[in-house]
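Enquirer: In the UniProt record's numbering, the protein residues as written are 1 to 1003.
Here it is, the structure, as structure tokens.
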């Protein structure tokens, strides 16, 4: 049994396999002189555990190997080893004769010198005297290394044979100490070196120290005795070779001390008897990822051994076994009632110190004494494996509850539990019920420190979890782990920066989309259009806007995908899909719909767009609430305020189901649109044409006429605006702008064609465009008697530029599906559009610098600093409509700034497309029609001045609301010593310079 000297108890096989470390151990070769050998030959055995040599009882060979008897040419010693391992014997050099003295002996038996390079090298050192099969060595006696077990001489100290002896290490001869090796014990039993059932002499105590039998090393810890034993072997002249050996060695998973193999009396569960049923039950379970079930767990079950469930400890669940002193009578307690009935004692607690004193009279009579409980306790993994029924006290209680819900629907644990909890769950449920303990299982990998080592409190090689959560939130940490290799049963090197990346890539875009909704919903009220109440979803489904249709469809696809993947327990696919969805929501729907969401296309259209965004965010929050419970709850608590009858918490809501129509064609068209936008941006970057520079024309080449119809129809305005292009031209003739070229795939054809490759390659490269089209249509082609498939030939599509165009005038980019061609030539009209973009860009940056919110209304004024102001004036007039749409208000001449205007910020710009100018941001200011107001008071200028002063003192927002409530009119009768008047908006006063400016232009 694997034995922990740190815990003083045996461990199960799966516990022993849970903590391997790379360590350096001694490796030595020891000679065992053969009794009555005429040449005085010795067997040579190799071991990495010198501490087991005092307990040696046999040597084991492989009956099928060829062994050789060899003589050392330099010292005359004769050894017997496997022929295949001869090279492992120490290499020695010839003795050099000193000029005036004896030969200098250069023998170096210590393997600290470089090991022999192979069998041929040892021919110089060893002379082969004889060869024979391993079977011929069986039964030969040898002289033991120590005499601690001389009382076993009649049956021990002889050669046996077994197939566990391999040719990949050592000498082909293994020394056997049956008390300290599983195979050693098995082989010695099989060959009657020791007898099964008899007390085996174990010369190492529970602490891992030698007993009094090993007189020279008694009370010495076995691993500390290696060097002393090696020295003793050397002193006896039996050391052939010594050195150090790096290998993987098991350590105790609790005490972190090296394990030894030690014969210990134990109680076992006969797992080997139910192995076939275990394998069959494993087939009935569903694992994520499946390779852990099919490979790792299946292989472990195939090689399952009987499970040692007893432990020599005080604390633990006592084995419910009472045995007589002679071992002939054993009673297993299956309940407290049975123990109380048989013993007559009252049982109040099942721990050892409450029941160890309880005895049971022997059923054979008083002369046989009493039965006492065996001292061992259960392996704690037995308790873990009993969890599905033990936690509800089955079968004593909750019988119906258990039977209706077993096997459990789902369990999750780490990869290391394939040999731990998953295994014990399967073994016990199979033994007890004939079925698996679970139906579905998620197996995660191990979370390691950033340097790839195990996380260690001692090394402090990981950030504090509380620090990570305080900095980035529990939801970010949760998503980071769910979106990592660890949920695919692979290791994760934990990096705090990775959690921050989740905040940046997931939560910030998500929150920005939510904030954009809130800001523009508030703006509706600010503009006097009434509070935002989302339109019902059935009405939204009939929206004619293509992006509304697309995002509604994409949201239903998100719900469908998340439900599908969660049903299949594939957590790791959800976050990448969510990332793509949020990217599309912010960078397509919100970005391309800014005008609609800001109300520039009318109140009705604005409410439709905001309602669409509202339901998309609400549905996304519900779908993601199991993965991001805190973040989604915060968003939901605000979103629910405008929805009557909503649940108090998002976690009370039903999980979303697919509702409404999914438009796969629209989703595909929008995805292709984004692809061609990316391709066009790449062309701009190659030619140093920033997006602020307008271009004449873009040609989109694709064979799908429906897609082209979408691009030049529903999606046209979005493409033109995003890429700053004036014209969009569809083309379904894929050869008009493309050249086709065929190349053989050498990686596929090379081995298959051999010498014919050159001929085939030449003909493939010579294929014409017509040949290539015909090949793609047919799917195969025969050249030089070889049939080539589509996978054998690469079709390369290149851009075919028209003859009258240069590279800097027209360029293209494609992805194998869509080809995008840009006309890069410029003209004056494009220059003016480019300048307008530059001006808008400076205005937006100034707004940001002034820390203005998108809902903050300001007026923008422009003043030219150029000597010739005609150029800027002409450009601004020609681009007036674009600038107004872009900034949400007209760009006003600086001379219109009223004296009472409040300036927010102002900045001068120089050398912008060779123009210099000043941009001023100001709060909306009232503009008065002095003549109309004077007429109100019959020409009384004092009253006129009093009204203007009163209106300027009013809060601008409240004044605007009063005009809206009065349908453009208000009655002013609160000015002392002035008659009441009716003030009409647009006749007597304007709420902004922009309103007055546009009114003046229209008249």
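No residue lacks a Cβ here, since even glycine has one placed at the ideal position from N, Cα and C.
(1) Residues in its own chain within less than 6 angstroms of residue 792 by CB, not counting five upstream and five downstream?
(2) Taking the alpha carbon of residue 444 as the point to measure from, which residue in 472, 434, 491 has its own alpha carbon closest?
(3) Use the C-beta contact count for residue 900: other C-beta atoms within 10 angstroms, 16 or more gives buried, fewer gives exposed.
(4) Looking at the unbroken beta strand (DSSP E) that takes in residue 60, where does it start and where does it end?
(5) May I ask you to report which of helix, strand or coil DSSP gives residue 383?
(6) Would DSSP call residue 33 helix, strand or coil?
(7) Among all the DSSP beta bridges, which residues are the ones paired with residue 373?
(8) Under 6 angstroms Cβ to Cβ from residue 113, same chain only, skipping five residues before and after it: list those, please.
(9) Under a three-way DSSP split, which group does residue 15 fall into?
(10) Is residue 902 buried or exposed, if buried means 16 or more other CB atoms sit within 10 Å of its CB?
(11) Tell me whether residue 992 is buried or exposed, calling it buried when 16 or more other Cβ atoms sit within 10 Å of its Cβ.
(12) Let me confirm a value: residue 1026 is counted as buried when at least 16 other C-beta atoms fall within 10 Å, else exposed. Which label applies?
(13) Buried or exposed, going by whether 16 or more other CB atoms sit within 10 Å of the CB of residue 195?
(14) The alpha helix (DSSP H) that contains residue 763, what's its start and end?
(15) Start and end of the beta strand (DSSP E) containing residue 545?
(16) Can you name the start and end residues of the beta strand (DSSP E) that residue 440 belongs to?
(17) Count the C-beta pairs between the region 30 to 44 and the region 54 to 72 that are closer than 8 angstroms, then say yes if the count reaches three, no if not.
(18) Among the residues of its own chain, which have a CB less than 8 angstroms from the CB of residue 855, if the five just before and after it don't count?
(19) What distance in whole Å lies between the Cβ atoms of residue 370 and residue 362, which are believed to be in contact at a cut-off of 8 angstroms?
(20) Identify whether residue 393 lies in helix, strand or coil by the three-state DSSP scheme.
(21) Output the distance between the C-alpha atoms of residue 37 and residue 232, rounded to the nearest integer angstrom.
(22) In terms of DSSP beta bridges, what is residue 82 paired with?
(23) What are the uninterrupted segments assigned as alpha helix (DSSP H) that are 4 or more residues long and contained completely in the region 810 to 882, given in chain order?
(24) Thinking just about the alpha-carbon of each residue, which of 351, 322, 327 is nearest to the one in residue 339?
(25) What residue from 144, 60, 236, 155 has the CA that sits closest to residue 163's CA?
(26) Let me know the secondary structure DSSP gives residue 1005 once reduced to three states.
(27) Determine whether the beta carbon atoms of residue 643 and residue 633 lie at a separation below 9 angstroms.
(28) Quick one: is residue 853 buried, meaning 16 or more other Cβ sit within 10 Å of its Cβ, or exposed?
(29) Do residue 612 and residue 540 come within 9 angstroms of each other at the CB atom, strictly closer than that value?
(30) How long is the line joining the alpha carbons of residue 1004 and residue 245, rounded to whole angstroms?
(31) Measure the alpha-carbon distance for residue 697 versus residue 731 and round it to whole angstroms.
(32) When the Cβ atoms of the region 332 to 347 are set against those of the region 297 to 314, are three or more pairs found closer than 8 angstroms?
(33) The alpha helix (DSSP H) that contains residue 249, what's its start and end?
(34) Just the C-alpha distance for residue 860 and residue 874, rounded to the nearest angstrom, thanks.
(35) The alpha helix (DSSP H) spanning residue 750 covers which residue range?
(36) Which residue's Cα is closest to the Cα of residue 864: 711, 534, 872?
Expert: Let me lay it out:
(1) Residues of the same chain with a CB within less than 6 angstroms of the CB of residue 792, apart from the 5 flanking positions on each side, are 745, 748, 749 in chain order.
(2) 491
(3) exposed
(4) 58 to 61
(5) Here residue 383 sits in helix by DSSP.
(6) strand
(7) 322
(8) Reliability of the predicted coordinates at residue 113 is poor, the pLDDT of 36 falling under 50, and the value obtained from them is presented with this limitation in mind. The answer is none, since no qualifying residue turns up.
(9) helix
(10) With fewer than 16 other Cβ atoms within 10 Å, it is exposed.
(11) buried
(12) Because the chain here runs from 1 to 1003, residue 1026 falls outside it and cannot be looked at.
(13) exposed
(14) 757 to 765
(15) Element bounds for residue 545: n/a, residue is neither H nor E.
(16) Per DSSP, residue 440 belongs to the beta strand (DSSP E) from 438 to 444.
(17) yes
(18) 519, 520, 522, 523, 526
(19) 6 angstroms
(20) coil
(21) 24 angstroms
(22) 67
(23) 828 to 849, 870 to 878
(24) Nearest C-alpha to residue 339: 322.
(25) Ranking 144, 60, 236, 155 by CA distance to the CA of residue 163 puts 60 first.
(26) Within the shown structure, residues of the chain are numbered from 1 to 1003, placing residue 1005 beyond reach of any answer.
(27) For the pair residue 643 and residue 633, the CB atoms are not nearer than the 9 angstroms cut-off.
(28) Counting Cβ neighbours within 10 Å, residue 853 comes out exposed, since fewer than 16 surround it.
(29) yes
(30) The chain is shown only over 1 to 1003; residue 1004 falls outside these bounds and no answer can be derived.
(31) 13 angstroms
(32) no
(33) Careful: residue 249 lies outside any alpha helix (DSSP H), inside the beta strand (DSSP E) at 239 to 250.
(34) 18 angstroms
(35) 746 to 753
(36) 872
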